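Structure record follows, encoded as structure tokens.
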Amino acid sequence: MRKVMITMPEEFLAEMDKVAKREHRNRSELIRDAVRRYLADAQEQTGLRREAIRRALRLQEVARSKTRNTSFDSVRFIREWRESPGKRLE
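What follows is the structure in structure tokens.
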């Protein structure tokens, strides 16, 4: 395992020391746990963003397929849709 130096406010250290004492752990363990959780959360958020993009692309394709070879006015449709926040595209 590698050693690193970090700088943090005194109040963080004081709070960390309280938690470490209560949980019978040291600062390094607390920091490793915090970084592990942060990385897992960041990875999950990336997955959620990718899924949101996939859903948006599917919606776009559905909208495109319904308007091919028609005189559909997409600008008007979007303006009307924006004025009606309860509407959902399906």
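So the sequence shown is numbered by the working numbering: it starts at 61 and just counts up by one. We treat Cβ as the ideally placed atom computed from N, Cα and C, and that holds for glycine. Source: prediction; values computed, not measured.
- Under the three-state reduction of DSSP output, Val95 falls in the helix class.
- A straight line joining the alpha-carbon of Glu83 with that of Ala123 spans about 54 Å.
- In the three-state reduction of the DSSP assignment, Thr127 falls in the helix class.
- Note on geometry: alpha-carbon atoms of Ile113 and Lys81 lie some 44 Å from one another.
- Taking 8 Å as the upper bound for CB-CB distance, Leu90 and Met68 are not in contact here, some 12 Å apart.
- Residues of the same chain with a CB within less than 8 Å of the CB of Asn86, apart from the 5 flanking positions on each side, are Ala80 in chain order.
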